[in-house]
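Here is the structure we will look at.
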Amino acid sequence: MTLMKSLMGAAAAVALTAGAALAEPALIFDLGGKFDKSFNEAAHNGASRWAEETGGTYREIEMQSEAQREQALRRFAEAGSNPIITMGFGMADPLSAVVADYPDTTFVVVDVTWLDAPNLRQVGFAEHEGSYLVGMMAAMASKSGTVGFIGGMDVPLIRHFGCGYAQGAKAVNPDINVVANMTGTTPAAWNDPVKGSELTKAQISQGADVVYAAAGGTGVGVLQTAADEGILSIGVDSNQNHLHPGKVLTSMLKRVDVAVYEAMSAGENVETGVFVMGLAEDGVGYAVDDNNAPLVSDDMKAAVDKARQDIIDGNVNVVSYYENDSCPALQF
Amino acid sequence: MEKMPKWADVVLIPVISLLLATILSAIVILAIGEDPIEAVSLMVTGALGSTYGWGYTLYYATNFIFTGLAVAVAFHARLFNIGGEGQAMLGGLGVAIVCLSVQWPHWSIALLAACAASMIFGAAWAAIPAYLQAKRGSHIVITTIMFNFIAAALLNYMLVNVMRPQGSQDPATARFPEAVHLPTFQSMFSTAENVMFRGAPANISFFVALIACVVVWALIWRTRLGYEIRAYGHSETGAVYAGISPVKITVVAMLISGALAGLMAINNVMGEAERLVLNSTEGAGFIGIAVALMGRSHPFGVFLAAILFGFLYQGGAELALWTSIPRELIVVIQALVILFTGALDNMVRMPLEKLFLSFRKGSA
Numbered sequence: 001m002t003l004m005k006s007l008m009g010a011a012a013a014v015a016l017t018a019g020a021a022l023a024e025p026a027l028i029f030d031l032g033g034k035f036d037k038s039f040n041e042a043a044h045n046g047a048s049r050w051a052e053e054t055g056g057t058y059r060e061i062e063m064q065s066e067a068q069r070e071q072a073l074r075r076f077a078e079a080g081s082n083p084i085i086t087m088g089f090g091m092a093d094p095l096s097a098v099v100a101d102y103p104d105t106t107f108v109v110v111d112v113t114w115l116d117a118p119n120l121r122q123v124g125f126a127e128h129e130g131s132y133l134v135g136m137m138a139a140m141a142s143k144s145g146t147v148g149f150i151g152g153m154d155v156p157l158i159r160h161f162g163c164g165y166a167q168g169a170k171a172v173n174p175d176i177n178v179v180a181n182m183t184g185t186t187p188a189a190w191n192d193p194v195k196g197s198e199l200t201k202a203q204i205s206q207g208a209d210v211v212y213a214a215a216g217g218t219g220v221g222v223l224q225t226a227a228d229e230g231i232l233s234i235g236v237d238s239n240q241n242h243l244h245p246g247k248v249l250t251s252m253l254k255r256v257d258v259a260v261y262e263a264m265s266a267g268e269n270v271e272t273g274v275f276v277m278g279l280a281e282d283g284v285g286y287a288v289d290d291n292n293a294p295l296v297s298d299d300m301k302a303a304v305d306k307a308r309q310d311i312i313d314g315n316v317n318v319v320s321y322y323e324n325d326s327c328p329a330l331q332f
Numbered sequence: 333m334e335k336m337p338k339w340a341d342v343v344l345i346p347v348i349s350l351l352l353a354t355i356l357s358a359i360v361i362l363a364i365g366e367d368p369i370e371a372v373s374l375m376v377t378g379a380l381g382s383t384y385g386w387g388y389t390l391y392y393a394t395n396f397i398f399t400g401l402a403v404a405v406a407f408h409a410r411l412f413n414i415g416g417e418g419q420a421m422l423g424g425l426g427v428a429i430v431c432l433s434v435q436w437p438h439w440s441i442a443l444l445a446a447c448a449a450s451m452i453f454g455a456a457w458a459a460i461p462a463y464l465q466a467k468r469g470s471h472i473v474i475t476t477i478m479f480n481f482i483a484a485a486l487l488n489y490m491l492v493n494v495m496r497p498q499g500s501q502d503p504a505t506a507r508f509p510e511a512v513h514l515p516t517f518q519s520m521f522s523t524a525e526n527v528m529f530r531g532a533p534a535n536i537s538f539f540v541a542l543i544a545c546v547v548v549w550a551l552i553w554r555t556r557l558g559y560e561i562r563a564y565g566h567s568e569t570g571a572v573y574a575g576i577s578p579v580k581i582t583v584v585a586m587l588i589s590g591a592l593a594g595l596m597a598i599n600n601v602m603g604e605a606e607r608l609v610l611n612s613t614e615g616a617g618f619i620g621i622a623v624a625l626m627g628r629s630h631p632f633g634v635f636l637a638a639i640l641f642g643f644l645y646q647g648g649a650e651l652a653l654w655t656s657i658p659r660e661l662i663v664v665i666q667a668l669v670i671l672f673t674g675a676l677d678n679m680v681r682m683p684l685e686k687l688f689l690s691f692r693k694g695s696a
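First to last, the protein sequences are chains Z and D. For the first sequence, the numbering used here gives the first residue as 1, with consecutive numbering after it. For the second sequence, the numbering used here gives the first residue as 333, with consecutive numbering after it.
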């Protein structure tokens, strides 16, 4: 009898833990790894904030190989994780192959907006709108009439950033000269601060006195060199103003952390569909804090806030690089 | 007289090396506060405990067989081909061009064409370093490793500017048409009531890899060309005295090596991804060096070593999925295995040889 009881107890305990595991979300990082100082780290921050506030736990994996994308999706889905949150456009293709097999699991993907599935939440960001605002600030802060853009790896997403930036700068000063460089053509370009520093020096020699880095870990070198050489820089993704107080004009915020945090908070009942986080949703924007407040004049703030409202109201249209794979304001 | 019996050389030394690597890995896992026994059992069951696990293990192993054979053939001519990575990338480009540009009626014909294209592209990428080595004396290690970077830049250019479908944000080619999808182990071995290898990427190119093992064995030990390659590798002056042309052997061995590395693309590009992505080779060209070292440049040894590395990859993925062991530590475990089986060979071999010698004296 006692044996029977303990067996029943064990079975109940197993059932309970299984039940608890059911509600556990999972987070799949892209190949850069969760401490990439940029995109994946923002997701990690959002997830840790959720875990701290709710005391919840989640499964996570950092991709090591392309073949693991589909594997991780299927394994987490079969283990009952829900929702399963994935990062980056590289997940689009594996997701389209997997989601239909697990109709009871909700999948979330960040940086993808073009798939079609009922159990998929797709979160995109209007990076060109945020970049437009910081482009305006760069043009207003520039005394030389030349501003710089330093991208990471030469992929369409980064051209998308640069395109919005150039449009913003030209909206303030139609004659402004925008210098654009990409760090490289391999994934190493996301984490090459030395080359970021070299490119910054090259742009300074061409007259640039504000540079915008959209380059992941490479941007650390850009911001450092800009501070050393006495020019202004603009950070990206998370608020990087604190890295060099008084030397970083602002940061273009892309709230990947908020997207992950919201998906985890809503749990398995998270709303599905396509969500583009633009200026209106505070998905993108520019950062003002104590570190850069002296650099941002009232005129600047007023002009940028007006432009923000105009974009939200539809009075100003920022052209997306994706529309026809080219940019009206900048040649790559 | 041999110092050790052959079975000790072939079996005992690798097993002892593996055990040492396992023990060290266990200590590392203990040091970060995880349970090593649980970790090892997770790796074993995850990689070998189900047909699903085997499906992934054999998929990775297929990649490593091709690159391992590529390095092994070059080793026989005493050439160190570090360019397997770039040759495999170019092989992928060849496969993508073949699969996307022609309307293939059936996968089998497409597979033959893709094999030919990947081998030609891989061999062509190895041809320039081979020529530079043979005619100009530019060291093959330097040139092949440089060609890896050129291959990466070329692939990036092709995918971002040329082969990317209009409006797509992902730097990759379009999906290959349905007709060229290779049969996976799931479709080959599953019956209606019993689904095997579910969702695993292992596919028919595993058997192509096995055929390649046999062909390489026959080439190296059963043909005149293989004899010349081995003779040149043992002694260049001796080979020249015997009338063997160093230029010809260097170029031919590198062409075969590059073709084998390029052939890997039928597995990872045509069999798994079914499109060409930027990061398709993911280091298999470098793993091939460790596989060839561990397999003593013999096709059967390469096969076994490739299975071991496939196990490490798939087992490592399972560890990453279900424990909080960071992925850097999984790389450490993989590196320990490479270190003990490849680089620290003599550390196990010398005491073992002494041991066998003392046995022999005792019995004599």
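Ideal Cβ placement from N, Cα and C applies to all residues, glycine included. Because the structure is a prediction, the values reported are computed rather than measured.
Practice problem: Name, going along the chain, the residues of the stretch 501-522 of chain D whose beta-carbon falls closer than 8 Å to a beta-carbon of chain Z. | Solution: Flagged, chain order: Q501, D502, P503, A504 and R507.
Self-check item: Local conformation of Z/L243 per DSSP, three classes
Solution: Of the three classes helix, strand and coil, the one that applies to Z/L243 here is helix, per DSSP.
Quiz item: Taking Cβ-Cβ distances shorter than 8 Å, what residues in chain Z pair up with D/E366?
Solution: Against chain Z, the beta carbon of D/E366 has no neighbour under 8 Å; the closest one sits roughly 15 Å away.
Practice problem: Quick one: which residues of the stretch 607-628 of chain D get their C-beta closer than 8 Å to a C-beta of chain Z? List them in chain order. | Solution: Against chain Z - using a Cβ distance shorter than 8 Å - the residues of the stretch 607-628 of chain D are R607, V609, L610, N611, S612 and E614.
Practice problem: Output the distance between the C-alpha atoms of D/L356 and D/Q646, rounded to the nearest integer angstrom. | Solution: For D/L356 and D/Q646, the distance between alpha carbons rounds to 20 Å.
Practice problem: Output, in sequence order along the chain, the residues in the stretch 537-554 of chain D whose CB is closer than 8 Å to any CB in chain Z. | Solution: Within the stretch 537-554 of chain D, no residue has a Cβ that lies closer than 8 Å to any Cβ of chain Z.
Quiz item: In chain C, which residues lie less than 8 Å from Z/F89 when you measure between Cβ atoms?
Solution: Here chain C cannot be found, since the structure's protein chains are Z and D.
Quiz item: Does the separation of the CB atoms of D/A534 and D/G387 fall below 7 Å?
Solution: D/A534 places its beta carbon less than 7 Å from that of D/G387.
Quiz item: Using a beta-carbon distance below 7 Å, is Z/I85 in contact with chain D?
Solution: Judged by the 7 Å Cβ criterion, Z/I85 is not in contact with chain D.
Practice problem: Could you tell me which of D/G381, D/A428 and D/I414 sits nearest to D/S612, measuring between CA atoms? | Solution: That would be D/A428, whose Cα lies nearest to the Cα of D/S612.
Quiz item: Checking contacts by CB at 7 Å: is Z/P156 closer than that to chain D?
Solution: At least one C-beta of chain D is nearer than 7 Å to the C-beta of Z/P156.
Quiz item: Is it true that the CB of D/V584 sits closer than 7 Å to the CB of D/G325?
Solution: The structure shown does not extend to residue 325 of chain D, since chain D is modelled only from 333 to 696, so the question has no answer here.
Practice problem: Would you tell me roughly how many angstroms separate the C-alpha atoms of D/V376 and Z/N181, rounded to the nearest one? | Solution: If I take the Cα positions, the gap works out to 47 Å.
Quiz item: When Cβ atoms are compared, which residues of the stretch 385-405 of chain D fall closer than 8 Å to chain Z?
Solution: Listed in sequence order: Y388, Y391 and Y392.
Quiz item: Listing by chain order, which chain Z residues have their CB less than 8 Å from the CB of D/G531?
Solution: Among the residues of chain Z, those whose CB is under 8 Å from the CB of D/G531 are E70, Q71 and R74, following chain order.
Practice problem: For the beta strand (DSSP E) containing Z/Q122, list its first residue and its last residue. | Solution: Segment L120 to F125, the beta strand (DSSP E) holding Z/Q122.
Quiz item: Does DSSP put D/S709 in a helix, a strand or coil?
Solution: Since the first residue of chain D shown is 333 and the last is 696, residue 709 of chain D is not available in this structure.
Quiz item: Around the Cβ of Z/A329, are there at least 16 other Cβ atoms within 10 angstroms (buried) or fewer (exposed)?
Solution: Z/A329 should be labelled buried.
Quiz item: Using the beta-carbon count (16 or more within 10 Å), is Z/L22 buried or exposed?
Solution: Any reading at Z/L22 needs caution, since the residue's pLDDT is 48, under 50, leaving its predicted position unreliable; the model's value is listed next. Looking at its Cβ environment, which holds fewer than 16 other Cβ atoms inside 10 Å, Z/L22 is exposed.
Exercise. Measure the Cβ-Cβ separation of Z/K254 and Z/V296 and say whether it is below 7 Å.
Key: The beta carbons of Z/K254 and Z/V296 sit no closer together than 7 Å.
Practice problem: Determine, using beta carbons only, whether Z/E24 comes closer than 7 Å to chain D. | Solution: The beta-carbon of Z/E24 is placed no less than 7 Å from the nearest beta-carbon of chain D.
Self-check item: Contacts of Z/Q64 in chain D (Cβ-Cβ under 9 Å)
Solution: Here the neighbours are E614, Y645, G648, A649, A652, R659, I662 and V663.
Exercise. Express the C-alpha separation of Z/H242 and Z/S339 in angstroms, rounding to a whole number.
Key: With chain Z covering 1 to 332 only, the question about residue 339 of chain Z has no answer from this structure.
Exercise. Determine the direct distance from the alpha carbon of Z/V155 to that of Z/D228, and round the result to whole angstroms.
Key: In this structure, the alpha-carbon of Z/D228 lies about 29 Å from that of Z/V155.
Practice problem: Pick helix, strand or coil for D/E525, following the three-state DSSP scheme. | Solution: The answer is coil: DSSP assigns D/E525 none of H, G, I, E or B.
Quiz item: Which runs of the alpha helix (DSSP H), 4 residues or longer, sit entirely within the stretch 605-664 of chain D?
Solution: Runs of the alpha helix (DSSP H) inside the stretch 605-664 of chain D: 616-626 and 631-654.
Quiz prompt | Where the alpha helix (DSSP H) containing D/T673 begins and where it ends | solution = Segment: none, D/T673 is in no alpha helix (DSSP H) and carries neither H nor E.
Quiz item: So is Z/P25 buried or exposed if we call it buried at 16+ other beta carbons inside 10 Å?
Solution: With 16 or more other Cβ atoms within 10 Å, it is buried.
Quiz item: Taking only beta-carbon atoms, is D/S526 less than 7 Å away from chain Z?
Solution: The sequence shown places Asn at residue 526 of chain D, rather than the Ser named in the question. Output row for D/N526: interface = no.
Quiz item: Taking the alpha carbon of Z/Q331 as the point to measure from, which residue in Z/A214, Z/A138 and Z/C163 has its own alpha carbon closest?
Solution: Minimum Cα distance to Z/Q331 is reached at Z/C163.
Quiz prompt | Closer than 7 Å to chain Z by CB, D/A484 | solution = Yes, contact with chain Z.
Quiz item: With a Cβ-Cβ cutoff of 7 Å, do D/P509 and D/L491 count as a contact?
Solution: With a cutoff of 7 Å on beta-carbon distance, D/P509 and D/L491 are scored as not near each other.
Quiz item: Could you give the uninterrupted runs of the alpha helix (DSSP H) lying entirely in the stretch 353-435 of chain D, keeping only those of 4 residues or more?
Solution: Within the stretch 353-435 of chain D, the alpha helix (DSSP H) runs of at least 4 residues that lie entirely inside it are, in chain order, 368-380, 383-408 and 416-433.
Quiz item: At what residues does the alpha helix (DSSP H) containing D/I474 begin and finish?
Solution: Here the alpha helix (DSSP H) through D/I474 covers I472 to Y489.
Practice problem: With DSSP collapsed to three states, give me the class of Z/A237. | Solution: Contrary to the premise, residue 237 of chain Z reads as Asp rather than Ala in this sequence. When DSSP states are grouped into helix, strand and coil, Z/D237 belongs to the strand group.
Quiz item: Does any CB atom of chain Z fall closer than 7 Å to the CB of D/E604?
Solution: Closer than 7 Å to some Cβ of chain Z, the Cβ of D/E604 qualifies, so yes.
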